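Visitor: First residue of the sequence shown? That's 1 in full-length UniProt numbering, and the numbers climb one at a time after it.
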Amino acid sequence: MADIRVAIDRGGTFCDVIAYIPGQETLTFKLLSEDPATYRDAPTEAIRRVLVAAEGRDIPPGQRLDASCRIGTTVATNALLEHKGEKFALLATKGFKDVCIVGDQSRPKLFDLKVRKPQALHDKVAEIDERVTIEDYDLNPQPLDKNRELTDPDLVRTASGEIIRILQRPDPEVVRDKLEGLLKEGYSSLAISFMHAYVYPEHEQLVADIATEVGFKYVTTSSGTSPNIKYLIRSNSTCSEAYLYPVIKRYVEDFESGFDVLPQRVEFMCSDGGLKQAHKFRGNEALLSGPAGGVVGIAKSCYDPEDGTAVIGFDMGGTSTDVSRYDGKYDYIAEASIAGRTINVPMLNIATVAAGGGSILFARNGLLVVGPESAGAHPGPACYRKGGPLTVTDANLFLNRLVLSSFPSIFGPNADQPLDTAVIIERFRDITAEFNTQTGQNLSPEDVALGFLNIANETMSRPIRNATEARGFAPENHNLVCFGGAGGQHACSIADKLGIKRILIHRWSSLLSAHGIAQAELQYEVFEPYAETLSEDAMQHVESRLIVLKERVEQELTSQGAEKGSLSFEESLVLRYFGTDTNITISKPEDGNYAKAFKDHHLREFAFSMNRNIVIESIKVRGTGGAGKQIEERPDWKEISAALTESGEQSLQPNQKQKVYVNGAWVETGIYELGSLPRGSVIAGPALIIDQTQTIFVEPDFRGVILKNHVVLDKVEKEPLLANGLASDASTENPIQLSVFAHRFMAIAEQMGNTLQRTSISTSIKERLDFSCAIFSPEGKLVANAPHIPIHLGSMQFAIQAQHRRWLGKLRDGDVLLTNHPQWGGTHLPDLTVVTPVFVDDQIAFYVASRGHHTDIGGKGITSMMPESKGLWEEGINVDTMKIVSGGDFLEEEVCAAFRKAGEFPGCSVTRRMADNISDLKAQVSANQRGILLLHRLCEEYSLPVVHKYMNAIQKNAEMAVREWFKRLVKTHPEPLHATDYLDDGTAMSVTITIDAETGSAKYDFTGSGPQIWGNYNCPISICHSSIIYTIRSLVDSDIPLNEGCLAPVEIVVPEGSVLNPGPAVAICGSTLASQRVIDTILRAFGRHAASSGCANSFGWGMGGKDPETGKVIPGWNYGETVGGGVGACEGYDGEHGTHVHSTNTRATDAEVVEKRTAVLVRKNEIRQGSGGKGRWTGGLGLTREVEARIPLKFSILSDRRVYKPYGMAGGLPGEQGSNFAFRFTGEGGAVERISLGGKAVINLQAGEWMQINSPGGGGYGAMV
């Protein structure tokens, strides 16, 4: 029986099984993943059933078995999602005990005032007093010699060539005491994550050895789990492994216990698409086990290397859809976000979107909405007879795109009834009536159901565009491979939206992950960090290290049973341009020229290259080996040609017929049973092709060709219909198409954002994500703003309208503008806005714009967020308008001249990072160009009049939604709403909100706000607009379009010369921070939420620039970051800790990256205990962040809420105000003294001195009981 091979994909609902039995047909079947009344474990039961079929005898459940098997499992994923992992303790470097709680400070949902970050996995954390850091730093104008002789015992040269400094060695006895204490508390599993352990693991290993000695059963180190820079991600990965590995180990042991004699091979599928023997299988490797099998399945069975057409994998399940791409090589990534946590482990690049057969359907504010909520397996879709909601599956069934008779009677409470069609007819009548009431239309239930499917298909097309277009690949140059339970019903529509002409559906498409697992091979990858510039000298050392890594890989694979002759190896370098964060893995080129291969890849994916050194970030070797024969399956294109030639002689009769709703009418449609169709059959759409596990809907304009192992659906070329079937008459609006256009506009803005993030080089834009991208009407009114940074919402259109007025009739195709002046729609000067007109038929049809925060723009400050500015001229480059691209030519000299001009004022410097500024501006231009390309495609698809019609309609839709919200609100708040809050200098911010119950309009009157101030917390009027649109969207708590229509019902009154509408010469660089206070004031008027921290705490340091006394320019650098605080509580909600709120949502740069780039030591980054306001619901806690200078540096802090506390609400107490301190030497034996800096300060610190930022907590809600 050793030749029997069983491949199993244990999913969330079903366990898919494929078995290869010598002398018999391949056996395929499904069983429930959990059925405790029938069997203990689904994979064990699957093997039992296979052996029953193979041996022809009864084998009772529970009897020990004998067969080789391969398994993909969701055990790890389920444990992570359901919080059912192993209890464990985390050991962290002193000062970083809250690393997994703080995270990157960003909030997952931009407009959810009840912020909830993923919960930390560890049960307890203990700090170890140990510390190392990188000796040199990347931005050093005079880099240290890494090859010098090391005489200091605290300096160590690592294998990668990096020199680290040991600041504190762990005391073994103290460590032992702590570990024994944890054992006594009942912990047997331990995670260890220390700063910079990716390059110097010795401290972790010492502690791990002691932990093993004292009796810990499971010990996981970050250096062993994920030896990559970034302390947060490495800590998350280590905690995930510690949480999951015991679960996986127990599962494997439990599974193997079901065998009388252990099978010759038991292998598990890993997230990277390779197999591992059971005893080697670990926790993080299992997280994408099943989906990885699907990618291998499409690679092994649907890609033809001779033809060379890349394939897109489209795996549509019940709750989500997975998208992948294969072009002859697997696309690997090093990290991915799973259950809200970024995990660092080699895995296949699989994008997941929350849309599937179980996605719930809604009619909201005149738009059709699909998901992201899902009905799940229980109660499931409405047709499952368990009281579930209306879903995508119900829409397919309602339109007869599923064959009712092909489903067994397994539904209802007793699992003995057929699908319920009556309930979905009733539900679609109800939702149609609701939608018609919202829109004033008279649509049929069939049209609404078809509209929902159209929206679902748009939603699922977005990740495919991101996997292709956003990376420089045209989707139309791919074949689409559909699999999963629901993929065949949507394949033609998805392909049509993407311009794809050919679809492949494998005969086992609903079991393709199991099929891929059957075809997978053993894999193993090792890598080690490196830290050298790519050069001939460096490559000599790299080659020697690759030989060592290759030997390790070979030894590991052969130990797992791989046949030596089957081994193949892939050597690669992880490279990046110096000063950037974009790592690209380059496999060894045939000519050995890594530099050329890197530059070519960078140019293709990011549309530019750079004249910079290339840095070797790490080196790695991946090995693959087989332990048995592989089944070769490729699509036979010749068979298709032959079938099409002969099809005229064939007359296929369907097994049955049913009416299917297609293109607005019920059409008699043939139903064909796949198993009875002869090879070479050609079936014209519309048609339904079914078997026991899938339904394929062949839409009109497609034809199906039946091959041995595939169903191929080809687009039949016909004359294109204008506007995708829409009439070109722009006078009428289809509310269903309105929902489609809402998706398309937002998808374009999102793709612009993806392009900007990928092509930028600065930390501020690429890593902290301080940018926004948007589309505007020909008059400069906002159409779609991707939800990036809230302060840019609503404010950017001021800038576009100002440019529109200034340049009307003077622009030509290929021109691009730059602006940042507050009187021209800017927020503060560091936010540089790049504006590009979009021409269609020689007329401006749209504008696209991208706004990005530049850390250094010159001026007086050490960063662009300078605390001491009093006039606008002090704050850096100041542009009302200028061309930066003319007719397609980038005007670099003119741009540099504008930056240099900022250094001509007294005490001001030119930007220290001119090259970064120029590169980021080019990236913004590139992002705009992406938007232009996509808008042109949209106009080609629908025509410009139709696009303009729906552009205006989507703005009206947003206006309607806001008016309806105001009408509902005024019923509970008929009186004017009023609130006043104060900046720390005593300046009032005041608002009175009066709502008109009849029209649903509102007046926001900021009369009573204080005068403009002698400081930089003045807010341009655009800030008020952004604050209003943000608070409306957050309080509406519904996914309404973000555009100009949101503000159409609002009259905004802001007195000129006030702090909220200042003159053109005052300082404003703190306006984005002050916007937090504007939002606090507006929310206070509504009375629902206590105040959040009210400040983004802009913190920076650096050196160099123009000496104010001598005028000499000293080479230097700067760095800026923001510090999150506590979230305000509300009814039923305790505030989240250490989070960026309201108008900002930037990510914190990782502490290890900060230390590698700049000459500082991050001493502490932890939750500020006791800072949240008390109440029935407690305010969130702020943060304490300490940063120490390692050389003489200038530090700055720009902050507020250092005097006035974040208010409580409904009897809750206020949160604690923040505080800023410097710790400086007193000159007496190294003693330090603490100095309060107030809210806004600049200070020079010597090496060893440090600053401490304590951010405010959130206010409490409700009186304490």
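From the three backbone atoms N, C-alpha and C, an ideal C-beta is built for every residue, glycine too. As the structure is a computational prediction, the values presented were derived from the model and not from experiment.
Would you give the residue range spanned by the beta strand (DSSP E) that G1227 belongs to?
Guide: No beta strand (DSSP E) holds G1227; DSSP gives it neither H nor E.
Visitor: Hey, which unbroken runs of the beta strand (DSSP E) at 3 residues or more fall wholly within the region 28-116?
Guide: List check, beta strand (DSSP E) in window: 68-73, 89-93.
Visitor: Over the uninterrupted beta strand (DSSP E) stretch that includes R341, give me the two end residues.
Guide: Looking at the DSSP string, the run of the beta strand (DSSP E) that includes R341 is 341-348.
Visitor: Contact between the region 258-269 and the region 468-487 is defined here as three or more beta-carbon pairs at a separation below 8 Å; is this criterion met?
Guide: Counting Cβ pairs under 8 Å, fewer than three are found: no touch.
Visitor: Applying the 10 Å Cβ sphere with the 16-neighbour rule, what's the burial state of N878?
Guide: The residue in question, N878, is buried, as its Cβ has 16 or more Cβ neighbours within 10 Å.
Visitor: How about the region 840-850 and the region 904-919: do they share at least three Cβ pairs that are nearer than 8 Å?
Guide: Contact between the region 840-850 and the region 904-919 is absent, because fewer than three Cβ pairs lie under 8 Å.
Visitor: Where does R679 sit, in a helix, a strand or coil, going by DSSP?
Guide: The answer is coil: DSSP assigns R679 none of H, G, I, E or B.
Visitor: Can you name the residues that DSSP bridges to A359?
Guide: The question names Ala, but residue 359 in the sequence shown is Ser. Beta-bridge pairing links S359 to S374.
Visitor: In chain order, what are the residue ranges of uninterrupted beta strand (DSSP E) at least 3 long that sit wholly in the region 288-344?
Guide: List check, beta strand (DSSP E) in window: 310-316, 321-326, 332-338.
Visitor: Compute the Euclidean distance between the alpha carbons of K1205 and S189, then round it to the nearest angstrom.
Guide: Going by the C-alpha atoms only, they are around 42 Å apart.
Visitor: Just curious, the beta strand (DSSP E) that N957 is in, first and last residue?
Guide: Looking at the DSSP string, N957 is not in any beta strand (DSSP E); the run it does join, the alpha helix (DSSP H), is 944-972.
Visitor: Would you mind sorting M1264 into buried or exposed? The rule is 16 or more other CB atoms within 10 Å of its CB.
Guide: Exposed: under 16 other Cβ atoms inside 10 Å.
Visitor: Give me whichever residues DSSP pairs with W1250 in a beta bridge.
Guide: Note: W1250 sits in a beta bridge opposite E1188, F1223.
Visitor: Should R1234 go down as buried or exposed, given a rule of 16 or more other Cβ atoms within 10 Å for buried?
Guide: By the 10 Å Cβ count, R1234 comes out exposed.
Visitor: Could you check where the beta strand (DSSP E) with Q205 kicks off and where it finishes?
Guide: Where Q205 is concerned, there is no enclosing beta strand (DSSP E), although the alpha helix (DSSP H) it sits in stretches over 202-214.
Visitor: List the DSSP bridge partners of P529.
Guide: DSSP output for P529 lists S618 as bridge partner(s).
Visitor: Where do the N-terminal and C-terminal ends of the alpha helix (DSSP H) with I233 fall, by residue?
Guide: First-last of the alpha helix (DSSP H) with I233: 231-256.
Visitor: Identify whether G565 lies in helix, strand or coil by the three-state DSSP scheme.
Guide: Helix at G565.
Visitor: Does the region 1232-1251 come into contact with the region 1104-1119, if we say contact requires no fewer than three beta-carbon pairs (one atom in each stretch) closer than 8 Å?
Guide: With the cut-off at 8 Å, the region 1232-1251 and the region 1104-1119 do not touch.
Visitor: Assuming G1262 and A1210 are in contact, meaning their beta carbons sit under 8 Å apart, how far apart are those beta carbons, in whole angstroms?
Guide: About 5 Å; that satisfies the 8 Å criterion.
Visitor: A742 to D394, Cα distance in whole Å?
Guide: Computed Cα separation, rounded: 23 Å.
Visitor: Let me know the secondary structure DSSP gives P837 once reduced to three states.
Guide: Residue state, collapsed to three classes: strand.
Visitor: Give me the Cβ distance between S587 and E563, rounded to the nearest whole Å; I'm assuming they're in contact under 8 Å.
Guide: No, S587 and E563 are not in contact; Cβ-Cβ is about 23 Å, not under 8 Å.
Visitor: By Cβ distance below 7 Å, which residues in the same chain neighbour R604 in space, the five residues on each side in sequence not counted?
Guide: Excluding residues within five positions, the ones whose Cβ falls inside 7 Å are G472.
Visitor: Considering C896, what are the terminal residues of the alpha helix (DSSP H) in which it resides?
Guide: Element bounds for C896: 892-901.
Visitor: Assign D537 to one of three DSSP states: helix, strand, or coil.
Guide: Residue state, collapsed to three classes: helix.
Visitor: If I follow the unbroken beta strand (DSSP E) through Y1030, where does it start and stop?
Guide: No beta strand (DSSP E) holds Y1030; the alpha helix (DSSP H) holding it covers 1021-1036.
Visitor: Give a yes or no on whether the C-beta atoms belonging to F966 and G1015 are separated by under 8 Å.
Guide: Result no, Cβ atoms of F966 and G1015 do not sit closer than 8 Å.
Visitor: Note the first and the last residue of the continuous alpha helix (DSSP H) segment covering M796.
Guide: Looking at the DSSP string, the run of the alpha helix (DSSP H) that includes M796 is 796-807.
Visitor: Bridge partners for residue 1329 per DSSP, in chain order?
Guide: Residue 1329 is absent from the structure shown; the chain starts at 1 and stops at 1265.
Visitor: Classify A923 as helix, strand or coil using the three-state DSSP reduction.
Guide: DSSP places A923 in helix when its eight states are reduced to three.
Visitor: Note the first and the last residue of the continuous alpha helix (DSSP H) segment covering K497.
Guide: Looking at the DSSP string, the run of the alpha helix (DSSP H) that includes K497 is 487-498.
Visitor: Can you give me the start and stop residues for the beta strand (DSSP E) that F14 sits inside?
Guide: Unbroken beta strand (DSSP E) run through F14: 14-20.
Visitor: Please tell me whether K620 and E525 are closer than 8 Å, where the distance is taken between their beta carbons.
Guide: Their beta carbons are under 8 Å apart, which means K620 touches E525 by this criterion.
Visitor: Relative to the alpha-carbon of D1150, which residue among Y231, E543, K657 has its alpha-carbon at the smallest distance?
Guide: Here the closest residue by C-alpha is Y231.
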